[in-house]
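Worksheet: one structure, shown below.
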Amino acid sequence: MGRALFLAVVTCWTLTANAWHFDLIGDTPYSDFERTHLPSMLAEISADDPAFVVHVGDIKAGSARCDTSLFEDRRSLFDTLNRPLIYLPGDNDWTDCRRKNNGAYDPMERLEVLRHIFFDASRPLGGQTLNAESQQGFPENRRWQKDGIVFVTVHLVGSYDNYDSPREHRKRSNAGRTWLNAAATLANDRQARALVIFAHGDPHFKAYAAGKANKAYLPFLNLLRAIAGQASHQVIFVHGDSHNQMIDQPLLRADGTPIDNFTRVQSFGYPFMGWVRFSVTDDPAHPLQIEPRVWAPDDDF
């Protein structure tokens with residue numbers, strides 16, 4: 101069993117009487133070392149009985165082949181978890197499969213294989229089924245609710261979201277924004293405690309704040325700012341891609357002032373192993389306590 105180290109506990113929020121939590125991982129496994137030890141980390145996560153675990157994409161290194169056998173291996177790995185697991189495709193998992201060292205695959209063909217392996221409704225990931233809706237044509241875009249919190253996944257990937265393939269990018273990104281907007285409307289109508297949004301790609305908030313957002317991410321960021329700016333609840337955007345675990349508030353209004361009810365959480369990623377725990381609290385202003393936990397096998401300490 102490995103060891104997890106708490107990196108941060110933000111303020112003294114009180115957990116609810118019916119406390120529950122969920123966990124975040126991403127950008128793993130990238131190496132043989134991570135593939136060897138990730139089962140132990142998943143077992144440690146599972147031992148604390150999370151309501152669900154979310155993997156925000158990149159289940160292999162960018163230089164690794166996109167063979168179906170690798171996808172099946174990751175599927176079997178995730179199925180060792182005794183809780184529901186929600187997975188979002190990352191750029192390493194399909195858009196970058198066109199690279200020669202990835203096998204020179206057709207990215208759209210690889211995406212369909214991923215959907216078959218990971219998003220077959222009759223084969224839920226992990227040990228239990230999560231009661232979630234899926235967007236027609238985009239089964240990786242999902243939505244569910246628990247105790248007044250609305251959760252939504254949006255298929256947005258790194259490497260500029262496959263922008264070099266305009267037709268595919270436009271169709272998927274338009275569908276993703278429609279799906280996200282519907283989740284935001286649901287959260288407003290239900291007077292939700294929070295809206296939690298999961299994606300893989302880092303949309304680069306600093307560039308956006310400087311007026312230099314990449315065109316691939318600009319419509320998504322504009323929608324995210326509109327959703328957070330109009331919400332009376334907390335909006336939490338969770339992503340991977342950049343391998344730099346952080347918790348901050350980088351989204352600004354058009355006038356340059358921070359949107360106080362918006363929080364960005366980025367997962368751990370290679371070469372660092374760990375997860376981020378989100379625990380439900382009784383504080384209306386901060387319904388989720390966020391605790392990063394870096395992890396390593398016992399024999400590496």
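According to this note's numbering, the sequence shown holds residues 101 to 401 in order. For every residue, glycine included, the Cβ atom is placed at its ideal position computed from N, Cα and C.
Hey, residue i and residue j are a contact pair by Cβ (cut 8 Å); roughly how many whole angstroms apart?
| i | j | result |
| --- | --- | --- |
| E240 | H216 | With 8 Å as the limit, E240 and H216 do not qualify as a contact, their Cβ atoms being about 12 Å apart. |
| D302 | S342 | 4 Å |
| F305 | H121 | In fact, because the Cβ distance is near 26 Å, the residues do not count as touching under 8 Å. |
| L211 | P189 | 7 Å |
Nearest to residue i by CA position, among the options, is which residue?
| i | options | result |
| --- | --- | --- |
| D123 | G258, F152 and P129 | F152 |
| A309 | L295, N288, R199 and P350 | P350 |
| T128 | A119, Y187 and E144 | Y187 |
| R393 | A119, F133, N118 and I145 | I145 |
Evaluate residue i with the Cβ neighbour count: other Cβ atoms within 10 Å of its Cβ, from every protein chain shown; 16 or more gives buried, anything less gives exposed.
| i | result |
| --- | --- |
| S367 | buried |
| E391 | buried |
| D355 | exposed |
| K271 | exposed |
| D132 | exposed |
| A313 | buried |
| D193 | buried |
| L388 | buried |
| F401 | The pLDDT assigned to F401 is 43, lower than 50, so where the model puts this residue is not dependable, and the model offers no usable value. |
| D158 | buried |
| G340 | buried |
| R364 | buried |
Since residue i is in the alpha helix (DSSP H), which residue starts that stretch and which ends it?
| i | result |
| --- | --- |
| R243 | Segment F238 to K246 is the beta strand (DSSP E) holding R243; no alpha helix (DSSP H) there. |
| F186 | In the sequence under discussion, the amino acid at residue 186 is Ile, which differs from the Phe named in the question. I186 -> not in any alpha helix (DSSP H); beta strand (DSSP E) instead, spanning L185 to Y187. |
| A143 | D132 to A147 |
So the beta strand (DSSP E) residue i belongs to, where does it begin and stop?
| i | result |
| --- | --- |
| A393 | According to the sequence provided, residue 393 is Arg. The question's Ala does not apply to it. L388 to A396 is the extent of the beta strand (DSSP E) around R393. |
| I125 | H121 to I125 |
| V153 | V153 to H155 |
Within the 8 Å Cβ cut-off, does residue i reach chain D?
| i | result |
| --- | --- |
| D191 | No chain D is present in this structure, which holds just one protein chain. |
I'd like to confirm something about residue i: is its beta-carbon nearer than 7 Å to some heavy atom of the ligand NAD, or not?
| i | result |
| --- | --- |
| R277 | With respect to small molecules bound, the structure shown includes none, and the ligand NAD cannot be examined in it. |
Scan the region 285 to 317 and note each continuous beta strand (DSSP E) run of 3 residues or more that stays entirely inside, going in chain order. DSSP runs (the beta strand (DSSP E)) wholly in the region 285 to 317: 294 to 298.
**Report entry** 3 or more residues per run - each beta strand (DSSP E) lying fully within the region 209 to 284
**Finding:** You should have 233 to 235, 238 to 246 and 249 to 253.
ask   = What are the uninterrupted segments assigned as beta strand (DSSP E) that are 3 or more residues long and contained completely in the region 313 to 384, given in chain order?
value = Qualifying beta strand (DSSP E) stretches, in chain order: 334 to 339, 346 to 348, 362 to 366 and 373 to 380.
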